[in-house]
Amino acid sequence: MPPRISAGLLMFRLKDGALQVFLAHPGGPLFQKKDDGHWTIPKGEPPQDEALMDTAVREFEEETGIKPHGPYLELGSIRQKGGKLVHAWAFEGDCDESRSICSNTFEMQWPPHSGRFQCFPEVDQARFFSLDEARTKLKDTQWQLVERLVEILERNSKKG
Numbered sequence: 591m592p593p594r595i596s597a598g599l600l601m602f603r604l605k606d607g608a609l610q611v612f613l614a615h616p617g618g619p620l621f622q623k624k625d626d627g628h629w630t631i632p633k634g635e636p637p638q639d640e641a642l643m644d645t646a647v648r649e650f651e652e653e654t655g656i657k658p659h660g661p662y663l664e665l666g667s668i669r670q671k672g673g674k675l676v677h678a679w680a681f682e683g684d685c686d687e688s689r690s691i692c693s694n695t696f697e698m699q700w701p702p703h704s705g706r707f708q709c710f711p712e713v714d715q716a717r718f719f720s721l722d723e724a725r726t727k728l729k730d731t732q733w734q735l736v737e738r739l740v741e742i743l744e745r746n747s748k749k750g
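Per the working numbering: the sequence shown = residues 591 to 750.
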């Protein structure tokens with residue numbers, strides 16, 4: 591069986607000369623009390639025949655309500671602990687953090703075995719973090735994506 595695949599975007603900005611990355615916290619009751627190590631880049635699984643870049647852009651907008659824009663920096667892919675292969679790109683952007691994000695929803699039986707189904711946002715919050723904060727908040731395996739972004743930005747700054 592082939593591994594599950596996902597595609598996502600890592601938005602970043604420079605604020606007061608420091609790099610910050612935009613991370614999303616999964617919504618729903620299973621993540622309600624989980625914080626450190628559970629944040630992620632906005633991402634999702636592609637439907638059949640959708641290009642990975644198109645999936646990344648669509649998922650970012652669906653999960654945050656923010657329309658992403660290029661140019662996009664390719665970050666490659668990582669394999670998460672569960673085996674899912676995540677392809678990622680980064681882009682420079684900003685948003686009004688005082689405004690709530692607007693996420694799509696999913697339905698699940700809650701409480702378990704109750705027969706009742708409830709809707710929950712896929713993402714219940716998203717915001718920018720400093721690199722130190724992001725290191726703590728982000729899923730361990732996704733930290734490689736931030737490291738790759740830092741390397742690309744450092745390389746680009748030496749060229750310019």
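Don't be surprised by glycine CBs; every beta carbon is placed ideally from N, CA and C.
As the structure is a prediction and not an experimental result, all values here were calculated from the model.
Pairwise C-alpha distance: residue j and residue i
| i | j | result |
| --- | --- | --- |
| D606 | R706 | 48 Å |
| D556 | K727 | Any property of residue 556 remains undetermined from this structure, which presents the chain solely from 591 to 750. |
| T654 | K749 | 33 Å |
| D722 | L604 | 14 Å |
| G660 | F681 | 6 Å |
| I668 | G627 | 16 Å |
| T695 | I656 | 16 Å |
| Q594 | D684 | Checking the sequence shown, residue 594 turns out to be Arg, not Gln. Straight-line Cα distance between these residues: approximately 30 Å. |
| Q670 | K729 | 9 Å |
Candidates the options: closest to residue i by CA position
| i | options | result |
| --- | --- | --- |
| S693 | I595, P619, H677, F710 | F710 |
| L620 | P592, P637, Q708, D684 | Q708 |
| G617 | Q715, W700, L642, L663 | Q715 |
| I742 | W629, I691, D686, L665 | L665 |
| L663 | G672, M643, Q670 | M643 |
| G673 | T731, S720, E652, N746 | T731 |
Status (buried if at least 16 other CB within 10 Å, exposed otherwise) for residue i
| i | result |
| --- | --- |
| T645 | buried |
| A543 | Residue coverage of the chain in this structure runs from 591 to 750, which leaves residue 543 outside it and unanswerable. |
| M591 | exposed |
| M601 | buried |
Residue i vs residue j beta-carbon contact at 8 Å
| i | j | result |
| --- | --- | --- |
| A678 | L599 | yes |
| F718 | Q622 | no |
| A614 | V736 | no |
| P632 | E649 | yes |
Secondary structure of residue i, DSSP reduced to three states
| i | result |
| --- | --- |
| K605 | strand |
| R689 | coil |
| R706 | coil |
| I742 | helix |
| M643 | helix |
Any non-hydrogen atom of the ligand ZN closer than 7 Å to residue i Cβ
| i | result |
| --- | --- |
| R706 | For the structure depicted, the ligand ZN is absent and the ligand set is empty, with no information on it obtainable. |
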